[in-house]
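Protein sequence lines correspond, in order, to chains B and H.
Numbering follows the working numbering, in which position 118 of the first sequence is assigned residue number 118; successive positions increment by one, without gaps.
Just so we're on the same page, the working numbering is the position in the second sequence counted from 1, plus 1000.
All C-beta atoms, glycine included, are put in the ideal place defined by N, C-alpha and C.
There are 2 protein chains.
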Amino acid sequence: MEDVKLIEVKEDVLADNTQAARALRERLRREGTFLLNLMSSPGAGKTSLIERTVSALGGELRVAVLEADIDSTVDTERLLGRGIHAVQLHTGGLCHLDAAMVEQGLCGLDLAAWDLVILENVGNLVCPAEFDTGAARSAAVLSVPEGDDKPLKYPLMFRTVDVVVINKTDYLELADFDRAAFRERVRRLNPRAEVLELSCRTGDGVEAWAGWLRREVAALSRPGV
Amino acid sequence: MEDVKLIEVKEDVLADNTQAARALRERLRREGTFLLNLMSSPGAGKTSLIERTVSALGGELRVAVLEADIDSTVDTERLLGRGIHAVQLHTGGLCHLDAAMVEQGLCGLDLAAWDLVILENVGNLVCPAEFDTGAARSAAVLSVPEGDDKPLKYPLMFRTVDVVVINKTDYLELADFDRAAFRERVRRLNPRAEVLELSCRTGDGVEAWAGWLRREVAALSRPGV
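In structure tokens:
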């Protein structure tokens, strides 16, 4: 009798993606473009953070945006309206981005023209964390009204990123959000992740975030320094 | 030459699920248990809405809760601590619930003992909308800080539900949320969906929500009346 042949579809898909993501990351490194993968729940403020980031770094770095959405072009229109170069990616109902989709999106950009490309992933705290996009660094944005328990419920997201941004700190007075408990929950999952607090509405804390990103871009473009 | 054989994996999975969901819905109708599927982004306030709902209806209906999470038992512990009967379902990393998972979860409950079972789906505005859970009615909860543009970006969720609950209306003064624009976006996707506004923090609007649910439960248990 023949042996049972088992096909682990999901594992194979993920393994193929990891390989494609590695190749893309290496290509971007050679071309000198830093790709940042920005993930969060719907409405946590990714687009606002992109606007703030471009304002803070636009004088130093040439920044473009890849906007991923299931549908609509509202975020891309908003960014274009503010003079930010953005390209829309539609996932056709898919809940995440993988490296192949990002590569397709990057075809819409002349890579040599950009030092930093910010990828706004689909608003979803679950699926995007499973797929390496080929980005040099990944960030999770968590907004104060979502609550401090999210690392307990969506651990993979907080485990995989390089930095966690707490946005909407201007809601701290209204919300029942324990910053120390949140930081401790992130630390247990991911001791090396930085946790930064900011408010895209008031601008508080944006400079520290820009500083983190500035350092990461510099370290990658001049690895020997 | 043989014809190309095409296997539409996703469509088959969804078709199988739709069939299982129909059978489950029929079984629940016969047993006299109303299943409500509660969906939202992470942190929109599903658990708080469940607490408010049990307070509002607990005297009239026997209410139990199925809590679905990728990880942790924090919400179930919270509900049990308030004397609400709740069973935890772990999806093992999966981003949604399907009818088979719900059926498994219901095995943890003696159906004859409950008039209303509230299913708290995984916090995700994308994937749960694709899977019929077998529930009699489905609700999407959207919290004010998430923004009024969400129906544009996550249309399937707003297209499939019977009712949309705007939660955290106590944030309306702080947030830039256009209620009329939001309602119009929902109406275009789903003209038959009710849109209710409430605040689980203050209790405002909870009675109207309880009234909607009360009517739906009554209509289903006495279809001839």
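Judged by DSSP in its simplified three-state form, Leu-1036 of chain H adopts strand. The alpha helix (DSSP H) runs lying completely inside the region 26 to 108 of chain B and spanning 4 residues or more are 46 to 57, 74 to 81, 99 to 106, given in chain order. Beta-bridge partners of Arg-1137 of chain H (DSSP): H:Leu-1036.
Residue contact check for Cys-200 of chain B against chain H: no CB pair falls below 8 Å. At a C-beta separation below 9 Å, Val-74 of chain B has these neighbours in chain H: Asp-1149, Leu-1152, Lys-1153. Contact between Asp-1115 of chain H and Arg-1062 of chain H holds: their C-beta atoms lie close to 5 Å from each other, under 8 Å.
Two segments are said to touch when three or more pairs of C-beta atoms, one from each, lie closer than 8 Å; by this definition the region 151 to 164 of chain B does not touch the region 83 to 103 of chain B. Pairing Val-87 of chain B with Glu-1194 of chain H, the inter-Cα distance amounts to about 35 Å.
By the Cβ-count criterion, Asp-1176 of chain H is exposed, with fewer than 16 other Cβ atoms from all chains shown falling within 10 Å of its own Cβ.
According to the DSSP assignment, Leu-1196 of chain H belongs to the beta strand (DSSP E) that extends over 1194 to 1197.
Using a CB distance cut-off of 8 Å, Lys-168 of chain B counts as an interface residue toward chain H.
Taking a Cβ-Cβ threshold of 9 Å, the residues of chain H close to Ser-41 of chain B are Ser-1041, Pro-1042, Gly-1043, Ala-1044, Gly-1123, Asn-1124, Leu-1125, Glu-1146, in chain order. Contact check for Gly-1134 of chain H against Arg-1025 of chain H passes: the beta carbons are separated by less than 8 Å.
Per the DSSP secondary-structure output, Leu-1142 of chain H pairs in a beta bridge with H:Ile-1166. By the rule that beta-carbons nearer than 8 Å mark a contact, Ile-1070 of chain H touches chain B. By the neighbour-count criterion, in which a residue is buried when 16 or more other Cβ atoms sit within 10 angstroms of its Cβ, Ala-181 of chain B is exposed. Non-local C-beta neighbours of Gly-45 of chain B in its own chain, meaning closer than 8 Å and more than five positions away in sequence, comprise Val-141, Ser-143, Asn-167, Lys-168, Cys-200, ordered along the chain. For Ser-138 of chain B and Gly-1211 of chain H, the gap between their C-alpha atoms comes out near 44 Å. Judged by DSSP secondary structure, Glu-184 of chain B falls outside any beta strand (DSSP E) and instead within the alpha helix (DSSP H) spanning 179 to 189.
According to the DSSP secondary-structure assignment, Leu-119 of chain B is paired through a beta bridge with B:Asn-37, B:Leu-66.
Taking the Cα positions, Asn-1121 of chain H is about 42 Å away from Ala-218 of chain B. Taking C-beta separations shorter than 7 Å and ignoring five residues to either side along the sequence, the partners of Thr-1033 of chain H in its chain run Leu-1111, Trp-1114, Asp-1115, Val-1117, following chain order.
For the region 1046 to 1058 of chain H, there are no residues whose beta carbon sits under 7 Å from a beta carbon of chain B. Residues Arg-137 of the same chain have their beta carbon placed closer than 7 Å to that of Glu-216 of chain B, with the five preceding and five following residues left out of the count.
The beta-carbon distance between His-1090 of chain H and Asp-1071 of chain H, rounded to whole angstroms, is 7 Å. This is short enough to meet the 8 Å contact definition.
Contact check for Leu-1038 of chain H against Leu-1119 of chain H passes: the beta carbons are separated by less than 8 Å. Using a Cβ-Cβ cut-off of 9 Å, Ser-1138 of chain H is close to nothing in chain B; its nearest Cβ partner there is about 17 Å away.
A straight-line Cα-Cα distance of about 13 Å links Glu-1067 of chain H and Ser-1048 of chain H.
Of all alpha-carbon atoms in H:Val-1165, H:Asp-1012, H:Arg-1183, H:Asp-1170, the one lying nearest the alpha-carbon of Thr-1202 of chain H is that of H:Asp-1170. With respect to the 8 Å criterion, Leu-196 of chain B and Val-165 of chain B are classified as neighbours on the basis of their beta carbons.
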